[in-house]
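One structure below.
Residue numbers (this note's numbering): 2 to 493.
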């Protein structure tokens with residue numbers, strides 16, 4: 002069996018132990034063992050490159066076996082033992098491609114014991130201990146694997162290869178717990194001439210009914226006149242717009258005047274107002290998409306999803322039934338950083354001051370909606386923090402979204418530092434992980450969290466909602482031309 006890195010395989014047995022770091026310093030003890038493989042929604046070469054970076058950041062040398070999608074690291078000795086009784090470890094990574102953007106990565110920790118090479122007849126106590134350990138490992142779901150073809154280590158015998166789940170969790174975090182990009186400005190596609198949107202009832206003789214969805218537990222305390230509710234939208238999913246529709250339905254049932262604030266450029270307000278006053282037919286929809294360039298950007302993030310357009314349509318239907326419903330575009334078209342936060346806050350503050358009794362629901366990225374300053378930048382003031390200071394007499398409540406692993410349409414930086422807009426898997430942090438069987442609901446905290454949230458909105462498993470108007474080939478930004486699209490703040 003041939004390896005293109007054969008000459009480099011003489012592992013640095015003597016020196017690597019002091020140069021490498023333990024990759025499990027912060028391994029959580031309460032993590033559950035998965036019952037199925039994790040399929041990453043990225044190309045295999047990108048997943049392997051990310052895994053290589055994890056090793057290299059900890060000072061491991063990484064070798065690749067040609068044409069086999071396998072990685073091996075240099076060896077290190079956990080602890081220090083006398084010659085003849087040393088044990089070394091290194092990592093073996095096996096990748097598999099299930100599709101153009103579907104990959105599986107398995108990481109194994111290989112143990113090499115010098116004593117097994119030197120002692121032909123092992124002491125009884127050592128033999129029994131090894132057998133007990135191997136029986137235990139054989140019972141674990143992810144520990145079994147055949148290591149045929151794995152190169153030997155001179156003077157040592159490989160005694161065990163075990164699935165390294167903590168290290169795979171590090172890879173999961175790198176690939177699926179990453180911030181989304183909100184892309185401001187940029188070019189637009191050609192004008193829309195015909196469009197079909199899933200779930201659109203264009204031929205109905207009368208206004209179709211509002212699809213309010215399933216009831217939402219715990220939302221009642223938020224439904225009071227003059228309340229401002231900010232939701233930290235992951236962007237590009239079906240679930241948050243669906244739940245927002247439910248909240249609008251609950252608010253109008255209480256006869257509250259309602260405003261739905263969306264992260265769209267404020268210059269598109271006229272197009273939104275025109276559509277809300279229309280019958281919602283095909284020509285009305287086409288006009289909205291033509292007049293508003295927001296839906297036709299070349300690099301579309303999750304803010305222009307099909308689910309968001311359906312949310313606007315549900316608001317139009319509620320309005321057509323005689324309810325006081327407004328849709329507000331409050332975002333900036335070109336600003337970024339604090340300038341963008343200031344412009345968004347200015348638009349919402351102006352609306353709130355002119356409409357003090359309206360129940361206001363705003364969807365934006367979770368960094369925007371925080372009602373406290375962020376810890377990583379003392380100069381950055383989020384939208385929610387600005388609203389809280391400017392509207393002391395108007396309650397402002399921020400909800401972070403909890404969920405189970407799913408997918409979203411978003412724009413991210415890939416491993417080559419390019420902006421890639423596509424469907425990606427999204428995993429929650431331990432704090433935001435929703436337990437199986439938990440219904441959709443609002444769970445308010447006794448006091449605001451350190452990050453400025455007043456409660457959590459549990460939404461279940463996420464499902465991606467692509468843009469209304471999609472390109473045949475998803476764009477990947479190679480560089481940033483003058484006047485082109487630029488990433489704004491990174492959001493989850």
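Heads up, the beta-carbon is just placed ideally off N, CA and C, and yes, glycines get one too.
Nothing here was measured: the structure is a model prediction, and the numbers come from that model.
_Taking the beta carbon of residue 302 as the centre, do at least 16 other beta carbons fall within 10 Å, making it buried, or is it exposed?_
In the chain shown, counting from the first residue as 1, residue 302 sits at position 301. Classification of residue 302: buried, given that the 10 Å Cβ count is 16 or more.
*Assuming residue 425 and residue 306 make a contact with CB atoms under 8 Å, what is their CB distance in whole Å?*
One-based indexing of the chain shown puts residue 425 at position 424. One-based indexing of the chain shown puts residue 306 at position 305. About 13 Å separates the beta carbons of residue 425 and residue 306, which is beyond the 8 Å limit, so they are not a contact pair.
*asked:* Buried or exposed for residue 295, going by 16 or more other Cβ atoms inside 10 Å?
replied: Position 294 of the chain shown, counting from 1, holds the residue named residue 295. By the neighbour-count rule (16 or more Cβ atoms within 10 Å), residue 295 is buried.
*Sorted by chain position, which residues of the same chain lie with C-beta nearer than 6 Å to residue 65's C-beta, five sequence neighbours on each side aside?*
The residue labelled residue 65 in the question sits at position 64 within the chain shown. The residues are 72.
*Return the CA-CA distance between residue 276 and residue 457, expressed in angstroms with no decimal places.*
Walking along the chain shown from the start, residue 276 turns up at place 275. Walking along the chain shown from the start, residue 457 turns up at place 456. Distance from the CA atom of residue 276 to the CA atom of residue 457, rounded to whole angstroms, is 32 Å.
*the region 429-444 in contact with the region 324-344 per 3-pair CB rule at 8 Å*: Too few Cβ pairs lie closer than 8 Å, so no.
_Classification of residue 261 by the beta-carbon crowding that lies within 10 angstroms, buried from 16 upward_ = Within the chain shown, the letter at position 260 stands for residue 261. That one is buried.
*Check whether the Cβ atoms of residue 247 and residue 217 lie closer than 8 Å to each other.*
Locating residue 247 in the chain shown gives position 246, where the first residue counts as 1. Locating residue 217 in the chain shown gives position 216, where the first residue counts as 1. A contact, by the Cβ cut-off of 8 Å.
*Starting from the Cα of residue 238, find the closest Cα among 423, 165, 109 and give me that residue.*
Residue mapping note: residue 238 aligns to position 237 of the chain shown, counting from 1. When each option's Cα is compared against that of residue 238, the closest is 423.
_Nearest to residue 234 (by Cα), restricted to the options 264, 221, 211, 222_ = Counting from 1 along the chain shown, the entry for residue 234 is found at position 233. Comparing C-alpha distances from residue 234 to each of 264, 221, 211, 222 shows the shortest one belongs to 264.
_Strand pairing of residue 77, partner residues [DSSP]_ = Taking the chain shown and counting its residues from 1, one reaches residue 77 at position 76. Beta-bridge pairing links residue 77 to 90.
*Excluding the five sequence neighbours on either side, which residues of its own chain have a C-beta within less than 6 Å of the C-beta of residue 250, listed in chain order?*
On the chain shown, position 249 is the one that residue 250 refers to. These residues qualify, in order along the chain: 213.
_For residue 308 and residue 241, what's the separation of their Cα atoms in angstroms?_
Reading the chain shown from its first residue, position 307 is the one you call residue 308. Reading the chain shown from its first residue, position 240 is the one you call residue 241. Between the C-alpha atoms of residue 308 and residue 241 there is a straight-line separation of about 9 Å.
*Leaving aside the five residues before and after residue 230 along the sequence, list all residues of the same chain whose C-beta is less than 6 Å from its C-beta, in chain order.*
To locate residue 230, count along the chain shown from 1; it is residue 229. Apart from the 5 residues on each side of it in sequence, residue 230 sits with its Cβ closer than 6 Å to the Cβ of 223, 362, 398 in its chain, given in chain order.
*So, is residue 271 buried or exposed, given that buried needs 16 or more other C-beta atoms within 10 angstroms?*
By 1-based counting over the chain shown, the position of residue 271 is 270. Flag for residue 271 reads exposed.
*Identity of the residue in 310, 221, 415, 185 nearest residue 332 by Cα*: Here residue 332 refers to the residue found at position 331 when the chain shown is read from its first residue. In terms of CA proximity to residue 332, 185 leads the group 310, 221, 415, 185.
*For residue 310, which option in 243, 365, 46, 358 has the closest C-alpha, if you only look at C-alpha atoms?*
Within the chain shown, numbered from 1, the residue matching residue 310 stands at position 309. For the options 243, 365, 46, 358, the alpha carbon positioned closest to that of residue 310 is the one of 243.
_On the DSSP letters alone, give me the boundaries of the alpha helix (DSSP H) that residue 423 sits inside._
Position 422 of the chain shown, counted from the first residue, corresponds to residue 423. Counting along the chain, residue 423 falls outside any alpha helix (DSSP H), though it belongs to the beta strand (DSSP E) covering 420-427.
*asked:* Distance check for residue 403 and residue 460, CA to CA, integer angstroms please.
replied: Position 459 of the chain shown, counting from 1, holds the residue named residue 460. Position 402 of the chain shown, counting from 1, holds the residue named residue 403. Distance between the alpha carbons of residue 460 and residue 403 is about 6 Å.
_Run through the DSSP bridge pairs and tell me what residue 106 is partnered with._
Position 105 of the chain shown, counting from 1, holds the residue named residue 106. Bridge partners of residue 106: 96.
*If you draw a straight line from the alpha carbon of residue 269 to that of residue 289, how long is it in whole angstroms?*
Numbered from its first residue, the chain shown carries residue 269 at position 268. Numbered from its first residue, the chain shown carries residue 289 at position 288. Roughly 9 Å separates the two Cα atoms.
*Rounded to the nearest angstrom, how far is the Cβ of residue 504 from that of residue 91, given a contact under 8 Å?*
The structure shown does not extend to residue 504, since the chain spans only 2 to 493, so no value can be given for it.
*Kindly indicate the opening and closing residues of the beta strand (DSSP E) around residue 265.*
Reading the chain shown from its first residue, position 264 is the one you call residue 265. For residue 265, the enclosing beta strand (DSSP E) has its first and last residue at 259-266.
*For residue 50, the three-state DSSP class (helix, strand or coil)*: The count along the chain shown starts at 1 and reaches residue 50 at position 49. In the three-state scheme derived from DSSP, where H, G and I count as helix and E and B as strand, residue 50 is classed as helix.
*CB-CB under 7 Å to residue 344, same chain, minus the five flanking residues each way: which ones, in chain order?*
The sequence position of residue 344 within the chain shown is 343, counting from 1. Within the same chain, residue 344 has close Cβ partners 333, 336.
*Is it buried or exposed for residue 82, if we count other Cβ within 10 angstroms and need 16 for buried?*
As a first step, residue 82 must be located in the chain shown, where it is residue number 81. Flag for residue 82 reads exposed.
*In three-state DSSP terms, what is residue 250?*
Walking along the chain shown from the start, residue 250 turns up at place 249. Looking at residue 250 - three-state DSSP - the assignment turns out to be helix.
*Report the rounded CA-to-CA distance for residue 394 versus residue 106, giving the unit in angstroms.*
For this step, residue 394 is matched to residue 393 along the chain shown. For this step, residue 106 is matched to residue 105 along the chain shown. Approximately 53 Å between the Cα atoms of the pair.
*Is the Cβ-Cβ distance between residue 99 and residue 70 less than 8 Å?*
Here residue 99 corresponds to residue number 98 of the chain shown, with the count starting at 1. Here residue 70 corresponds to residue number 69 of the chain shown, with the count starting at 1. Against a cut-off of 8 Å, the Cβ pair of residue 70 and residue 99 comes out as no contact.
*With respect to the beta strand (DSSP E) encompassing residue 398, which residues constitute its N-terminal and C-terminal limits?*
The count along the chain shown starts at 1 and reaches residue 398 at position 397. Counting along the chain, the beta strand (DSSP E) containing residue 398 begins and ends at 397-405.
_Below 8 Å on the Cβ atoms is my contact criterion, and I expect residue 453 with residue 373 to pass it. Report the Cβ-Cβ distance as a whole number of Å._
Translated into positions along the chain shown, residue 453 becomes position 452. Translated into positions along the chain shown, residue 373 becomes position 372. Cβ-Cβ separation between residue 453 and residue 373: approximately 3 Å, consistent with a contact (criterion under 8 Å).
*Apart from the five residues on each side of it in sequence, which residues of its chain come closer than 7 Å, Cβ to Cβ, to residue 252?*
The sequence position of residue 252 within the chain shown is 251, counting from 1. Taken in chain order, the residues that qualify are 224, 259, 360.
_Contacts around residue 210, its chain only, beta-carbon distance under 8 Å, and the 5 residues preceding and following it disregarded_ = Residue 210 sits at position 209 when you count from the first residue of the chain shown. Hits under 8 Å: 318.
*If you drop the 5 nearest sequence neighbours on each side, which residues of the same chain put their C-beta closer than 7 Å to that of residue 494?*
Residue 494 lies beyond the range of the chain shown here (2 to 493); nothing can be said about it.
*Taking 8 Å as the cut-off, decide whether the C-beta atoms of residue 428 and residue 177 are in contact.*
Start at 1 with the first residue of the chain shown, and residue 428 comes out as number 427. Start at 1 with the first residue of the chain shown, and residue 177 comes out as number 176. The beta carbons of residue 428 and residue 177 sit closer together than 8 Å.
*Cβ of residue 301 versus every heavy atom of the ligand ADP: is any distance shorter than 7 Å?*
This structure lacks the ligand ADP; in fact it carries no ligand of any kind.
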